[in-house]
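Reading through the structure tokens given below for one structure.
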Amino acid sequence: MAHRSMPCASTISTGAPGGTTSSRALASATSTTTIWSLSRAVCAQSRSSAYWPRSRHAPTTITTLRRGSRRSATEPACIAASYRAAFRSGPAPRLSPVVTEMVSLEQALAELERPTAHLPRLVGQTLATRLYGSQRLHRAVPTPLALRLAALRGRLEWHLVPRRRAHALRLTEMIRGLSPDTPEAAVFARRRLVEDAVSAELQWRPWLVKRMPIEGLDRFLEARAEGRGVIVATAHIGPFLGLVRGLAARGMKIYISGGEWGGPDAHVGRRGQWTAMQNRSLEEAGCRWVRRGGSYPILRALLERGEVCFITVDAPGSLEVELAGHPARVRAGLASLALETGAAVVPGRTLRRGWGQVGILRDPVDTSQFDDPLDLTRHLLDLFGRTLLEYPEQVHENVFEVWAAAAR
Numbered sequence: 030m031a032h033r034s035m036p037c038a039s040t041i042s043t044g045a046p047g048g049t050t051s052s053r054a055l056a057s058a059t060s061t062t063t064i065w066s067l068s069r070a071v072c073a074q075s076r077s078s079a080y081w082p083r084s085r086h087a088p089t090t091i092t093t094l095r096r097g098s099r100r101s102a103t104e105p106a107c108i109a110a111s112y113r114a115a116f117r118s119g120p121a122p123r124l125s126p127v128v129t130e131m132v133s134l135e136q137a138l139a140e141l142e143r144p145t146a147h148l149p150r151l152v153g154q155t156l157a158t159r160l161y162g163s164q165r166l167h168r169a170v171p172t173p174l175a176l177r178l179a180a181l182r183g184r185l186e187w188h189l190v191p192r193r194r195a196h197a198l199r200l201t202e203m204i205r206g207l208s209p210d211t212p213e214a215a216v217f218a219r220r221r222l223v224e225d226a227v228s229a230e231l232q233w234r235p236w237l238v239k240r241m242p243i244e245g246l247d248r249f250l251e252a253r254a255e256g257r258g259v260i261v262a263t264a265h266i267g268p269f270l271g272l273v274r275g276l277a278a279r280g281m282k283i284y285i286s287g288g289e290w291g292g293p294d295a296h297v298g299r300r301g302q303w304t305a306m307q308n309r310s311l312e313e314a315g316c317r318w319v320r321r322g323g324s325y326p327i328l329r330a331l332l333e334r335g336e337v338c339f340i341t342v343d344a345p346g347s348l349e350v351e352l353a354g355h356p357a358r359v360r361a362g363l364a365s366l367a368l369e370t371g372a373a374v375v376p377g378r379t380l381r382r383g384w385g386q387v388g389i390l391r392d393p394v395d396t397s398q399f400d401d402p403l404d405l406t407r408h409l410l411d412l413f414g415r416t417l418l419e420y421p422e423q424v425h426e427n428v429f430e431v432w433a434a435a436a437r
């Protein structure tokens, strides 16, 4: 179909015979919808708004959208603006499915910026629970003392709480291959309970990350300077959200891909206080959660406009792989996003060291060496698998779940 350029105008063409443009044609649009935006004025507002602060794409002159095709970061706003301009003087026709999808994506991106940490209602909150969840209490107790008390709590759990002791022994058997009735297994299982307690106490103190060292930060900054989106790929090990807070403390906004933080009991009892504090501190640092369930197009749009997304490579899924020597079932979404958007992939993790924590960023992965998401996913899992085996007591239960899923 041939079009003739007309300055300062916006035409919506639906592929009707002869290039006819009308509301009737739009309503009966085929699977191919062409949005003809011929003026910079059409996209000026979207390019200057808060939703597209770092867009490096020029306004599209002719944009052809097909279901399943890649879309540039400016397209949702441009489509909506073009649609409004074309039908300003008459009744709005019914949007085609593709246009509706793009307008909905724009709305989802806007909704993403709204804080939500204050919305969930906490249940099972006793006076003791509320006191323990108070930030004033955690700030009043010096960090060195609080961490040593947490370590003591972990050792007491080993001796006094049979359920916790048995659980730690099961996890030790899975990751180290040690029989639960051996003295060596007891040593590592007790160490896991101490590690869990100290790591949790560190996360009760999000202000500590302002001083947390980040090794390899220059690698991340170099990837960021290229102007494209960046995926910080990570795995469930250590106080892993510390890296998010550490980067945010250095002025970077991070979008975190994940489910409902804390699991099904996230808002119950002391765990509810902990979950609320985690979400609140992340939002106060400028970060935002991208909840699972239709999150792929949102993450894709964020990366295409040059944002930083924090995504785990070991999220439960259906892809059969190997992780740290164990069969596992994970998702390939991270790899698919990287290959589709051209985003840089920087492996990163947070580990406990001594009585503190440290963020570690590796060299960006050269994604051009991988032809499909499966190969890239396996490569990333191989990188993190070595870390899991090196620090087995810091491995989260999420990892054991993806192992168990593969065994079923």
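Numbering (this note's numbering) for the sequence shown: 30 to 437.
The beta-carbon is built from N, C-alpha and C at its ideal position, and this holds for glycine as well.
Here the structure is a predicted model, which is why all the values come from computation and not from measurement.
Query                                                                                                : Result
Ala-252 to Ile-243 span [Cα, whole Å]                                                                : 15 Å
Proximity to Leu-311 [Cα-Cα], best of Pro-144, Ser-133, Leu-138                                      : Pro-144
Which of helix, strand or coil DSSP assigns to Arg-168                                               : helix
Cβ neighbour criterion (16 or more within 10 Å) applied to Gly-206                                   : exposed
Three-state secondary structure (DSSP) of Ser-228                                                    : helix
Proximity to Gly-153 [Cα-Cα], best of Val-375, Ala-295, Asp-400                                      : Ala-295
Residues near Ala-277 by beta carbon distance below 7 Å, same chain, minus five either side          : Ile-283, Ala-314, Gly-315, Cys-316
Separation of Ala-169 from Arg-334, as counted between CA atoms                                      : 42 Å
Backbone CA spacing between Val-394 and Ala-330 [nearest angstrom]                                   : 21 Å
Buried or exposed by the 16-neighbour rule on C-beta atoms within 10 Å, applied to His-188           : exposed
Assigned exposure category for Gln-232 - 16 Cβ within 10 Å defines buried                            : buried
Cutoff 8 Å; reference Arg-220; Cβ partners in own chain excluding five residues on either side       : Glu-422
Span of the alpha helix (DSSP H) around Val-261                                                      : No alpha helix (DSSP H) holds Val-261; the beta strand (DSSP E) holding it covers 259-263.
Close Cβ partners of Glu-426 (< 6 Å) along its chain, the five nearest in sequence each way excluded : none
Where the alpha helix (DSSP H) through Trp-384 begins and ends                                       : Premise fails: Trp-384 is in no alpha helix (DSSP H) and is neither H nor E.
Residue environment, Ala-367, which counts as buried when at least 16 other CB atoms sit within 10 Å : buried
Alpha helix (DSSP H) segments (min. 4 residues) lying fully within the segment 184-259               : 191-205, 212-232, 246-254
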